[in-house]
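Take a look at the structure below.
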Amino acid sequence: MDRKRILLCLAHMSGNEMKYIQEAFDTNWVVPLGPNVNAFEEELKHFAISKPDINAGQVSETDDSDRLWPQSWPELQDREVVALCSGTAAVHLALVGLGVGQGDEVLCQSFTFCASSHPVTYVGAVPVFVDSEKDTWNMNPSLLEEAIKDRIRKTGRKPKAIIIVYLYGMPGKIAELLAVADKYGIPVIEDAAEGLGSRYDGRVVGTFGCYGVMSFNGNKMITTSGGGALVCPDRESKNRIMFYATQAREAFPYYQHEQVGYNYRLSNICAGIGRGQMTVLDAHIAHHRHIASMYAEAFDGSRGILFHGNPDSHCNSNFWLNTVTLSPDLRVKGQERAYHAAIQGAVGGAAGVVHATGQVHTDCEPGANVEAMRLYLDEANIESRPLWKPMHKQPVYKDCPAYVNGVSEKLFKCGLCLPSGPMVTDDDVRYIISQIYSACDC
Ligand SMILES: *Cc1c(COP(=O)(O)O)cnc(C)c1O
């Protein structure tokens, strides 16, 4: 049987993108600013402060969200969005906006993609990694407090910022994390790059912290081919971020620079793609959730495969990537042969230049049954991927302080991401599930 390869998460066009791109060409706005950029920002802002849709099943029928909205969160009304050329740039500018610099420390969730922590090093600061809790897989609030106290004890100074992440779209323990951050007066950056449209207590994630990061890379909830955005607390901070995103130009008739800036604005063409994508964002989120419910049902009651679902009623994940964990004693076909050959290329869709290692093992890697499952699915033309390797286990960060409890390392060793998103059909999901079951006796 000839099956098209099922990929982990792929961009899906709405059909409206070309209209906005054409408009940009017709009006000669082929620059990193313009009407599409402004409109895209407005649409994102509207989305970020929008009410949950009761009809879409995002909140319970008893939740009187009209009464709660927006009086419960007046500060939401001030939020502003800046469109940028990537999510990584958004993390970087959030740090710049908070004045993080040389020699500062920034607390960062260890269980994340490298784009949460790399920008900390761009500004000359040191990432201090904090491990996760088991429910949401995100930053552990009590470990965060322990880390803050210990850093103050050891350095005599408070860390400058806290970067929390919503891994695979799952909201973290936001109330608890914000309470700790507030207690010590440390600003929070929410890396919601994977969590576009996820909600915590009905509110869109990325609007809780001082700054919120969005990403529109090719594999995220929506795409602009490459792009990102930063949710800012108010108009004044938006202006400050825009200033740094456009080379920090002072108001003179000639180029006058008193600070270092960046070229991080989103192109008006890419913003056009984004506007087209906004017309299907809600549908995309609904589809990711629908696929999640299919996986959840399929693995409910299985022996050895656990689906990572919403742990409680606060969390309403977008299920950007659906993930499962394999019990260590689950036997998967071919696991004796797992790790026999070195990997050609690297994970990730970017097809960029990667370093070939020729090396088969590292000191922290997924279990043999996980690798065997990945290979088995690969043979069946299904792409899957191990969970992200925690940053405190990455050689590049080996000298950074880390506050660990074993949770992220354990998850990394037993977890797998499965195909998700609008390009994955119900039939695909049934096929994936049947292949997983035939790979093991679960
Ligand atoms: C994708 C991602 C980013 C960065 O987004 P880009 O747009 O790819 O630069 C940041 N943080 C996390 C957790 C991500 O998954």
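Sequential numbering from 92 applies to the sequence shown in the numbering used here.
Glycine is no exception: its CB is placed at the ideal position from the N, C-alpha and C atoms.
LEU186: member of the alpha helix (DSSP H) spanning 178-188, first to last residue. Of HIS483, GLN426, LYS264, LYS504, the smallest CA-CA separation from GLU456 is found for LYS504. Boundaries for GLN200: no alpha helix (DSSP H) harbours it, while the beta strand (DSSP E) harbouring it runs 196-200, taken from the DSSP string. Here DSSP, grouped into helix, strand and coil, assigns GLY288 to coil. Contact check for LEU258 against ASN231 fails: the beta carbons are separated by 8 Å or more. DSSP lists VAL221 as the beta-bridge partner residues of TYR494. The beta carbon of ASP420 is closer than 8 Å to those of GLY395 in its chain, skipping five residues each way along the sequence. For CYS508, the enclosing beta strand (DSSP E) starts and ends at 506-509.
With respect to ASN129, ARG366 sits apart: the two C-beta atoms are not nearer than 8 Å. The stretch 101-114 makes contact with the stretch 508-521; the number of CB pairs closer than 8 Å reaches 3 or more.
The criterion of a C-beta distance shorter than 8 Å is satisfied by GLY288 and LEU372.
Out of ASP519, VAL438, ASN401, the CA that lies nearest to the CA of ASP226 is found in ASN401. By the Cβ test, the stretch 516-533 is in contact with the stretch 461-480, since at least three Cβ pairs between them sit closer than 8 Å.
If you draw a 10 Å sphere on the C-beta of ARG94, you find fewer than 16 other C-beta atoms in it, and that means exposed. Short of 6 Å from the beta carbon of SER306, and not among the five residues preceding or following it, lie these beta carbons of its own chain, in chain order: GLY178, ALA284, GLY319.
For ASP519, same chain residues with a beta-carbon under 6 Å away, outside a window of 5 residues either side, are ILE97 in chain order. A Cβ-Cβ contact shorter than 8 Å links LYS484 with GLU500. Between VAL182 and ALA216, the CB-CB gap reaches or exceeds 8 Å. Distances between the C-beta of LYS142 and the heavy atoms of ligand 1 are all 7 Å or more.
Put simply, the backbone Cα of GLU171 is about 33 Å away from that of SER384. Around the beta-carbon of SER233, fewer than 16 other beta-carbon atoms lie within 10 Å, marking it exposed. Inter-residue distance for GLN193 and HIS375 is about 40 Å (C-alpha atoms, whole angstroms). With a beta-carbon spacing of about 6 Å, LEU175 and LEU321 fall inside the 8 Å limit used to define contacts.
Collapsing the DSSP output to three states places ARG356 in a strand.
Non-local C-beta neighbours of ASN354 in its own chain, meaning closer than 7 Å and more than five positions away in sequence, comprise GLN338, ordered along the chain.
By the Cβ neighbour-count rule, VAL187 is buried, with 16 or more other Cβ atoms within 10 Å of its own.
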